[in-house]
Amino acid sequence: MDVSEGAVSIEVPEASGGGEGAASGVFFNPDQELNRDITVAVLRAFGDREERAERYFDATAASGIRGVRAAAEGWDVTMADVDADAVSLARDNLDRNDLEGEVLLQDANAVLHDVDRVFDVVDVDPFGSPVPFADAAFANTRDLVCVTATDTAPLCGAHFESGVRRYSAVPRNTEDHAEMGLRVLLSTLARTAARYDVGVRPVLSHVTDHYVRTYLELDHRATDADAALDELGNVHHCPECLYREWEYGLLEGERQGCPHCGGDNVVTAGPVWLGPAHDADFVRDVREHLSEEMGRFDRARDTLETIADELHVPFHYNQHKLYKRWGESAIAMDDFLAVLRDAGHEASRTHFGGTRFKTEADVGEIREAVLAAN
Ligand SMILES: C[S@@+](CC[C@H](N)C(=O)[O-])C[C@H]1O[C@@H](n2cnc3c(N)ncnc32)[C@H](O)[C@@H]1O
46 MDVSEGAVSI EVPEASGGGE GAASGVFFNP DQELNRDITV AVLRAFGDRE ERAERYFDAT
106 AASGIRGVRA AAEGWDVTMA DVDADAVSLA RDNLDRNDLE GEVLLQDANA VLHDVDRVFD
166 VVDVDPFGSP VPFADAAFAN TRDLVCVTAT DTAPLCGAHF ESGVRRYSAV PRNTEDHAEM
226 GLRVLLSTLA RTAARYDVGV RPVLSHVTDH YVRTYLELDH RATDADAALD ELGNVHHCPE
286 CLYREWEYGL LEGERQGCPH CGGDNVVTAG PVWLGPAHDA DFVRDVREHL SEEMGRFDRA
346 RDTLETIADE LHVPFHYNQH KLYKRWGESA IAMDDFLAVL RDAGHEASRT HFGGTRFKTE
406 ADVGEIREAV LAAN
């Protein structure tokens, strides 16, 4: 089956249309086109800014769609896969588009540990968790590590034990679980990178459908790794009144009782990444580098616009849940944000959902602002 994405056309097996875990054939998930469109725009924006960056490694190639699209953008592409059918298909797909590139039948970790190779950008887009590739990626990438995680249930605490095992963190299945998953992933990646004296700075992150995607710019001094670790801490959630509170540091403990409603079901997650999950200027630049031939242009543009304007608050509220608790009907989001801003609180929409918002205000302050506006 022929598939066109952006400027390229590739062949994928018919059987792979079913998405992750398709019974036969090389993997190809059409639903990840948005992820790949944004990746191409990131490569354009990053390549313009860091002109010397030219070597891109698609660590888990499958059909080669990412590597082929990167090669079409002028990147010097290497791809790897442990599946011989995938390697042969990825090679064919480069040829089909008259593009150069190297496709290796090799474990991505072995390629990353090859002392004769250096990559500026490494893209890890595996089945499930990226953790098996994280050490090698951070130990051996120059500039940018791009990571997809599709194991959102462990990451957000819905599969608690596997989340603890895999991510060396305590995830909690709170009502803002998608952001919980992102911040648990960022915490694990920051701690993994720190082992190699590498500091990570997330320049763009999004949680879309059932995956988390993040782009981490790297700095290669021990002090950079220390600075990244300083962005870690714990977050406490009260499931009754939706109060949440966070504090930086790795040694903070659990909370006894909610300071807002007095409830005793407060849950603590950590260590999670409390720092910025994106760089607004970079996100705006990436948005400018989207192009209309991309299949998910409109959605990618809207997602990036929302992310660029998101406050750097490490969790978010669900406006409808708050109104339900107050026994009132929710008002339009723009009006609601205006109420918070009029009361002196910064507030923004978030790409985590249309009924969700970010603010530094706590639940008591939010309620006061709404009451004062009535
Ligand atoms: C989710 S698919 C990749 C999808 C692809 N990046 C895309 O955008 O369509 C994961 C691929 O990783 C490959 N893989 C699994 N373990 C690997 C390893 N250790 N090194 C390299 N590739 C591996 C699998 O064979 C599979 O083709």
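Residue numbers (this note's numbering): 46 to 419. Beta carbons are placed, not taken as given, at the ideal position from N, Cα and C, and that holds for glycine.
Enclosing beta strand (DSSP E) for residue i [first to last residue]
{"i": "Ser174", "result": "Looking at the DSSP string, Ser174 is not in any beta strand (DSSP E), and its letter there is neither H nor E."}
{"i": "Pro247", "result": "244-253"}
Residues near residue i in its chain [Cβ-Cβ closer than 6 angstroms; skip 5 each side]
{"i": "Leu385", "result": "Ala392, Thr404, Ala414"}
{"i": "Asp330", "result": "Ala90"}
{"i": "Gly308", "result": "Cys283, Glu285"}
{"i": "Asn185", "result": "Leu157"}
{"i": "Arg100", "result": "Asp121, Phe164, Asp165"}
{"i": "Asp269", "result": "Gly244"}
{"i": "Val48", "result": "Ile55, Val57"}
{"i": "Ser207", "result": "Pro199"}
Top-ranked residue by Cα proximity to residue i, from the options
{"i": "Val243", "options": "Ala182, Ala194, Val113", "result": "Ala182"}
{"i": "Gly298", "options": "Ala131, Asn142, Gly278", "result": "Gly278"}
{"i": "Ala198", "options": "Ala345, Leu382, Gly173", "result": "Gly173"}
{"i": "Arg114", "options": "Asp126, Asn80, His222", "result": "Asn80"}
{"i": "Ala239", "options": "Ser213, Asp271, Pro247", "result": "Asp271"}
{"i": "Gly119", "options": "Arg111, Ala125, Asp130", "result": "Arg111"}
{"i": "Gln77", "options": "Gly372, Ile376, Gly340", "result": "Gly340"}
{"i": "His251", "options": "Ala214, Thr123, Val87", "result": "Val87"}
{"i": "Arg289", "options": "Asp407, Asn419, Ala214, Glu206", "result": "Asp407"}
{"i": "Ala273", "options": "Arg228, Phe397, Ala314", "result": "Arg228"}
{"i": "Ile352", "options": "Gly372, Ser336, Thr253", "result": "Thr253"}
Inter-residue spacing [alpha-carbon to alpha-carbon] between residue i and residue j
{"i": "Pro316", "j": "His305", "result": "23 angstroms"}
{"i": "Leu150", "j": "Leu356", "result": "43 angstroms"}
{"i": "Val328", "j": "Leu249", "result": "6 angstroms"}
{"i": "His365", "j": "Asn154", "result": "45 angstroms"}
{"i": "Pro175", "j": "Arg187", "result": "18 angstroms"}
{"i": "Arg97", "j": "Asp121", "result": "11 angstroms"}
{"i": "Ala131", "j": "Pro247", "result": "30 angstroms"}
{"i": "Ile55", "j": "Thr348", "result": "26 angstroms"}
{"i": "Asp343", "j": "Gln301", "result": "46 angstroms"}
{"i": "Gly66", "j": "Asn138", "result": "Reliability of the predicted coordinates at Gly66 is poor, the pLDDT of 40 falling under 50, and the value obtained from them is presented with this limitation in mind. Whole-angstrom Cα-Cα distance: 21 angstroms."}
{"i": "Asp275", "j": "Leu144", "result": "43 angstroms"}
Environment of residue i [buried if 16+ CB atoms lie within 10 Å]
{"i": "Ala322", "result": "buried"}
{"i": "Glu50", "result": "buried"}
{"i": "Met225", "result": "buried"}
{"i": "Met124", "result": "buried"}
{"i": "Arg210", "result": "exposed"}
{"i": "Ser374", "result": "exposed"}
{"i": "Glu338", "result": "exposed"}
{"i": "Asp161", "result": "exposed"}
{"i": "Arg401", "result": "buried"}
7 angstroms Cβ shell around residue i - same chain, five flanking residues per side excluded
{"i": "Ala194", "result": "Ser174, Pro175, Leu200, Leu230, Tyr256, Val257"}
{"i": "His390", "result": "Thr404, Glu405, Ala406, Glu410, Ala414"}
{"i": "Arg136", "result": "Val148"}
Range covered by the alpha helix (DSSP H) that runs through residue i
{"i": "Thr233", "result": "222-239"}
{"i": "Pro316", "result": "Run containing Pro316: none in the alpha helix (DSSP H); it sits in the beta strand (DSSP E), 312-318."}
{"i": "Ala106", "result": "Note, Ala106: premise wrong, no alpha helix (DSSP H); not H, not E."}
{"i": "Met378", "result": "378-387"}
{"i": "Gly208", "result": "205-212"}
Cut-off 8 angstroms between Cβ atoms - residues of its own chain near residue i, not counting five sequence neighbours on either side
{"i": "Arg346", "result": "Arg332, Leu335"}
{"i": "Phe397", "result": "Asp221, Ala223, Glu224, Val252, His361"}
{"i": "Asp354", "result": "Ala325, Ser393, Arg394"}
{"i": "Ala388", "result": "Ala406, Glu410, Glu413, Ala414, Ala417, Ala418"}
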